[in-house]
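Chains as they are written, first to last, in the numbering used here: chain E, -9 to 484; chain X, 345 to 682; chain S, 10 to 318. For each residue, glycine too, the CB sits at the ideal point set by N, CA and C. These notes concern the structure reproduced below.
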Amino acid sequence: MTSFLDYAPAPESTAILALKPSYGLFINGEFVDGHGDGFTTISPSTEKRIADIASANSADVDLAVAAARRAHDRTWSKLSGADRGKYLFRIARLVQERARELAVAESLDNGKPIREARDVDVPLVAAWFFYYAGWADKLDYAGLGTNPRSLGVAAQVIPWNFPLLMLAWKIAPALAAGNTVVIKPAETTPLTALIFAEILQQADLPAGVVNIITGAGETGELLVNHPDVDKVAFTGSTAVGKAIARSTAGSGKKITLELGGKAANIVFDDAPIDQAIEGIVNGIFFNQGHVCCAGSRLLVQENIHDDVVERLKARLSTLRLGDPLDKNTDIGAINSREQLDRIRDLSDIGESEGADRWTADCAIPENGFWFAPTIFTNVSTSHRIARDEVFGPVLSVLTFRTPAEAVAKANNTPYGLSAGIWSSNGSRILAVADRLRAGVIWANTFNQFDPASPFGGYKESGYGREGGRHGLAAYLSEAAPAARQAVTSKGATK
Amino acid sequence: MTITRAPIELAPAERAVRLIGGDLTEKSLRLHLEGLPGIDAVGLEQRAASLGTRSIKTTSKAWALDRIISLIDLTTLEGADSPGKVRSLVAKAITPDAGDPSTPRVAAVCVYGDMVPYAVDALGGLHGDPDAGGISVAAVATAFPSGRASLAVKLADTADAIAAGADEIDMVIDRGAYLSGRYGLVFDQIVAVKEACRRADGTSAHLKVILETGELTTYDNVRRASWLAILAGADFIKTSTGKVAPAATLPVTLLMLGVVRDWHRLTGERIGVKPAGGIRTSKDAIKYLVTVAETVGEEWLTPHLFRFGASSLLNDVLLQRQKLTTGHYSGPDYVTMD
Amino acid sequence: MTHLTIPKTYKLYVGGKFPRSESGRVYEVTTAKGAFLANAAKASRKDARDAVVAARAAQSGWAGATGYNRGQVLYRVAEVLEGRRAQFIDEIVASEGVSTAAATAQVNEAIDTWVWYAGWADKYVQVAGNGNGVSGPYFNLSTPEPTGVVAIIAPRESSLLGLASVIGPAVATGNTVVVIASERAPLSAISLAEVLATSDVPGGVVNVLTGSAAEIAPWLASHADVNGLDLAGAGDLGSDSAGTGSAGTGSASTGSASTGESTWVDLQIAAAETLKRVLPPVSGIPSRSIDRMLAFTETKTVWHTKAMI
Chain E
-9 MTSFLDYAPA PESTAILALK PSYGLFINGE FVDGHGDGFT TISPSTEKRI ADIASANSAD
51 VDLAVAAARR AHDRTWSKLS GADRGKYLFR IARLVQERAR ELAVAESLDN GKPIREARDV
111 DVPLVAAWFF YYAGWADKLD YAGLGTNPRS LGVAAQVIPW NFPLLMLAWK IAPALAAGNT
171 VVIKPAETTP LTALIFAEIL QQADLPAGVV NIITGAGETG ELLVNHPDVD KVAFTGSTAV
231 GKAIARSTAG SGKKITLELG GKAANIVFDD APIDQAIEGI VNGIFFNQGH VCCAGSRLLV
291 QENIHDDVVE RLKARLSTLR LGDPLDKNTD IGAINSREQL DRIRDLSDIG ESEGADRWTA
351 DCAIPENGFW FAPTIFTNVS TSHRIARDEV FGPVLSVLTF RTPAEAVAKA NNTPYGLSAG
411 IWSSNGSRIL AVADRLRAGV IWANTFNQFD PASPFGGYKE SGYGREGGRH GLAAYLSEAA
471 PAARQAVTSK GATK
Chain X
345 MTITRAPIEL APAERAVRLI GGDLTEKSLR LHLEGLPGID AVGLEQRAAS LGTRSIKTTS
405 KAWALDRIIS LIDLTTLEGA DSPGKVRSLV AKAITPDAGD PSTPRVAAVC VYGDMVPYAV
465 DALGGLHGDP DAGGISVAAV ATAFPSGRAS LAVKLADTAD AIAAGADEID MVIDRGAYLS
525 GRYGLVFDQI VAVKEACRRA DGTSAHLKVI LETGELTTYD NVRRASWLAI LAGADFIKTS
585 TGKVAPAATL PVTLLMLGVV RDWHRLTGER IGVKPAGGIR TSKDAIKYLV TVAETVGEEW
645 LTPHLFRFGA SSLLNDVLLQ RQKLTTGHYS GPDYVTMD
Chain S
10 MTHLTIPKTY KLYVGGKFPR SESGRVYEVT TAKGAFLANA AKASRKDARD AVVAARAAQS
70 GWAGATGYNR GQVLYRVAEV LEGRRAQFID EIVASEGVST AAATAQVNEA IDTWVWYAGW
130 ADKYVQVAGN GNGVSGPYFN LSTPEPTGVV AIIAPRESSL LGLASVIGPA VATGNTVVVI
190 ASERAPLSAI SLAEVLATSD VPGGVVNVLT GSAAEIAPWL ASHADVNGLD LAGAGDLGSD
250 SAGTGSAGTG SASTGSASTG ESTWVDLQIA AAETLKRVLP PVSGIPSRSI DRMLAFTETK
310 TVWHTKAMI
């Protein structure tokens, strides 16, 4: 054996999957044909076809929304909260039962390492359904007074980076609050959503409560702009988020948007240094950097810059890039050729802007979409790689001298999703946290998610929160509003 | 009345002098140790857990099992130890699996100082450097496990073991002194024991310094004590006596490997690490190998830089080895108890 | 000899001062029956721009004050309002054409609304924020924070009450505001500004522009340094028939064909460019609600590791 560190292959088998050659749309409790131009989903690590996927056209979207409306008005809103909760508990249990299958499918379709799908994604999916199941009959405590009402039909569009987890984030609170759902998975990662549809059938969820319609951007646009939709929840790019905010203006629909980020990971000179290195690595290289809240800017105190960069590079040399289905893989495939091109382009820009580029020494497989972890040092705030979201395994390293400068640099961005703070001084951590304009702040840790913890951004990272009580409230409205008497010109009340 | 306290001067251990400077006092040592970066326990434990998820299969597993055996300090440290017990231990150390001559030998046997003569005798011609295929004799000393005795007694304990033929001394630090802040005392004791490891012919027994991490409790203490031990001259830093719970854990070992890695970056010197106590299964031991390889590099997976302090671990590894060879699960009847 | 009155000049309120419009323009404010009341400053887009600058400059200080402190300041505003109630009643009777009884009721309600929001300043965090019991060794806390600078189109009717109902909730949580007062009945807005100026409210926390919402609002809606947009009184902007606004529900449209003015939907679309948080129009006066306060807050969730060793 050449080297212990070249661990022998430890592949997770795909035999557990019972994939169909093609999938239809899941509307009103059944799989039906789609009438748009169907497409194929591939494995980004091998570029091999996995299955044919249907696409929903305008008529299909109408059908799905109508099914959701019927289900809401006739069935779902008439169930007790306790019963809604029971359905959600069933779904949570089924996810746990089929956890391995879901993890393998996610890894295959998305390109992320099986270890992450298995240890992070799928357990969080189950947790999300468990958490919101318990809320379903306790809506009086959601913060909107007693007897809050569901909003009605929710149109939900989710991204490709955490396909099943984003689906859970959307569906669980919506259903707990009494809404019904039409959800569109991302074009490149429909697989786990379609297996999830089978789980809904196993849970005997009433038809039409959840409808899953696959398709591309156009399907999503039709869905969010559909006149019979009461709520829109979107996770994706800031550009599309703005388009949705524009196209739904004046419609009265409630909107939540989870968009991009360029988070600062701030490392002070009194940080627990080894754990900070882990946090930096986790922050930007977990999920190949395809994370809206990724710590893509390292703001390191200037007096420890060289030490930190040296330790980072040493640590990156033990990251393993390769077959996502190998249990020892740390860095999987980039989700699509388009995304890979974007990452490459921005990295080239980084070089031409004058930053110093360093890439981990990884053997790149011949087929598939891959990008080795990359660090840019000597990055200035004016560089594009300090401002633009790369959405890939690329870290930009900037320095600061004082806490105030760290805060100013961290906040100097139109984004505001997340931030990390590393220090052993609790006082300073809390004071810096106070001043950071970010919706999620991690102190001496990073990329922690929990269904009880609200997640969402400031500024152009979007608005609204998912998770926790706040995430539930986003799917509710107050009971009949207190009529406010306006004083008229004649002095009589209306 | 003036209240002055003369700075407590420390024994001029070579590494400490080199790193901290000429005026080596307890104060300067303390300032240095307290200037070391802190540890976040949550992050440390998460990293250790993550290293534990590596999947080591087939050829890697076979290699790992053999390597584990060759890194074991096969140990008996009971009040009831007798010459017969020690002879039995040595026989097992030499031939762990009588049914499979391809099984490697362990690195060392670890016994109480007064049992050393019996171990040396039983090893005979195989007594020697494990890097060269021999088996060395490690003796616990310095009033193991508590360390509660005068320095004179501790040094006598050490000297006896050396005289009887021990190649390695596993000493304990004075935890009471450490926890009450008397770093200088802890330091000087290690220096003195290191000195006592020197033989008349100029060679030295290797010194392993047991920190007793279960009593030091916090990770910050473990980090500082590790540095202190290295500065004072340790060849190995060792987690535990095995008599106090928790003994060795993956996070604490990861932490100590981090210290050793940093020391190497700083000075080029390589210090060894020995987790001891509580490692009973091959599965656990493999996690330690992974942790070593991914923290300091696999060059550390060699007897002069890494040891497992263990007794029942060996049999579990043999059972796993047998499964790899035969293809079916084995049972306790197929490994010897002693 | 009867006393000859000294008519008040009604100027803008920006940065704690009372400047005229930089454009030099004014417009006639009349009674309900059409008699001349005053020339009010007609704010330009540059005035709006300056107001945003003033609001931004004041925001971190205002947000950095304790909730208790903000509550006290706001309560003082109510005290001063109370002391000047006669002036406000007179102004309302004159400009809105209502009876003294109705004007008195409005002033009472406005003061009470102001007090209501003052009382929330140091409490809303407890209602909207909470600890989160996550499944791991972390201290996890969510708290609401002010969004920043909020542009508000005040309700067209019941000028004083309308203003109290939109300014109170926005500033209680630490936002600073740029308010476009009711075009038809702006005088209460400026008198309110006088109250603010004499009540410990730091300059720039509330900025009041009088003039045409149709002209100014688009500049605020698209302004990248404005974080929130309250379209409370924007319901019939750009619509062909003024006075029958369509507020809040799906039948709104963009870009009035006849007037060429932006409707409130156009404003919301412009606001989307910088993802401002937007409240849609309401008919009449917005009710007091926690929702209105929380609409211009951001929930910040902080995780901190917890370990003994």
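Residue-level contact check: Leu155 (chain E) does not touch chain S, since none of the beta carbons of chain S fall below 9 Å from its beta carbon.
Looking at the backbone, the Cα of Asp564 (chain X) and that of Pro590 (chain X) are separated by about 16 Å.
Scanning X:Leu663, X:Thr403, X:Thr680 and X:Phe650 for the CA closest to the CA of Pro474 (chain X) turns up X:Phe650. At least 9 Å separates the CB of Glu268 (chain E) from every CB of chain S.
Lys68 (chain E) sits exposed, since fewer than 16 C-beta atoms from the chains shown fall within 10 Å of its C-beta.
With fewer than 16 other CB atoms across the displayed protein chains lying within 10 angstroms of its CB, Ile6 (chain E) is exposed. Fewer than three pairs of CB atoms, one per stretch, sit closer than 8 Å, so the stretch 369 to 381 of chain X makes no contact with the stretch 628 to 646 of chain X. Phe439 (chain E) is outside the set of residues whose beta carbon lies under 9 Å from a beta carbon in chain X. At a cut-off of 9 Å between beta-carbon atoms, Leu284 (chain S) makes contact with chain E. If you check the CB distance, Gly285 (chain E) and Ser408 (chain E) come in under 9 Å. Against chain S, the beta carbon of Thr561 (chain X) has neighbours under 7 Å at Ile318, listed in chain order. Look at Leu288 (chain S) here: in three-state DSSP terms it is strand. Contact between the stretch 114 to 132 of chain S and the stretch 88 to 105 of chain S is present: 3 or more CB-CB pairs across the two stretches fall below 8 Å. Residues of chain X whose Cβ lies closer than 9 Å to the Cβ of Thr310 (chain S) do not exist, since the nearest Cβ in that chain is about 17 Å away.
Between Ser414 (chain E) and the set X:Ala350, X:Leu354 and X:Asp384, the nearest pair of CA atoms involves X:Asp384.
Pairing Pro178 (chain S) with Ala304 (chain S) gives a Cβ-Cβ distance under 9 Å. The beta-carbon of Trp432 (chain E) is placed less than 9 Å from the nearest beta-carbon of chain S. Val386 (chain X) reaches chain S at Gly145, Pro146, Tyr147, Thr314, Lys315 and Ala316, counting residues in chain order whose Cβ is nearer than 9 Å. Taking each of S:Val86, S:Val89, S:Val311 and S:Arg58 in turn and checking the Cα distance to Asn141 (chain S), the smallest one comes out for S:Val311. Within the stretch 409 to 428 of chain E, the residues whose Cβ lies closer than 9 Å to any Cβ of chain X are, in chain order, Trp412 and Ser414.
Restricting attention to X:Ala573, X:Val455 and X:Trp644, the CA atom closest to the CA of Ala654 (chain X) is found in X:Val455. Thr367 (chain E) does not reach chain X, its nearest Cβ partner there being about 19 Å away, counting only Cβ pairs nearer than 8 Å. Under DSSP, the beta-bridge partners assigned to Gly452 (chain E) are E:Glu248. Residue environment: Tyr77 (chain S) is assigned as exposed (fewer than 16 neighbouring CB atoms within 10 Å of its CB, all protein chains considered).
Shown here for Lys38 (chain E): same chain residues with a beta carbon closer than 7 Å to its own, the five before and five after excluded, namely Ile32 in chain order. Counting along the chain, the unbroken beta strand (DSSP E) around Tyr36 (chain S) starts and ends at Val35 to Thr39. Any Cβ of chain X closer than 9 Å to the Cβ of Ile17 (chain E) would place that residue at the interface, and such an atom is absent. Beta-carbon to beta-carbon, Tyr22 (chain S) and Pro195 (chain S) are separated by about 11 Å, too far to satisfy the 8 Å threshold. Contact between the stretch 236 to 250 of chain S and the stretch 76 to 91 of chain S is absent: fewer than three C-beta pairs spanning the two stretches fall below 8 Å.
For Ser151 (chain S), the enclosing beta strand (DSSP E) has its first and last residue at Tyr147 to Pro155. Scanning chain E for C-beta atoms nearer than 7 Å to the C-beta of Ile278 (chain S) yields Arg236 and Ala239, reported in chain order. Within the stretch 591 to 623 of chain X, the residues whose Cβ lies closer than 7 Å to some Cβ of chain E are Gly602, listed in chain order. Under the three-state reduction of DSSP, Pro355 (chain E) is assigned to coil, being neither helix nor strand. With respect to the 9 Å criterion, Ser237 (chain E) and Val214 (chain E) are classified as neighbours on the basis of their beta carbons. The beta carbons of Ile267 (chain E) and Arg305 (chain E) sit closer together than 9 Å. Under a criterion of Cβ atoms nearer than 8 Å, no residue of chain X is adjacent to Ser227 (chain E); the nearest Cβ is some 30 Å distant.
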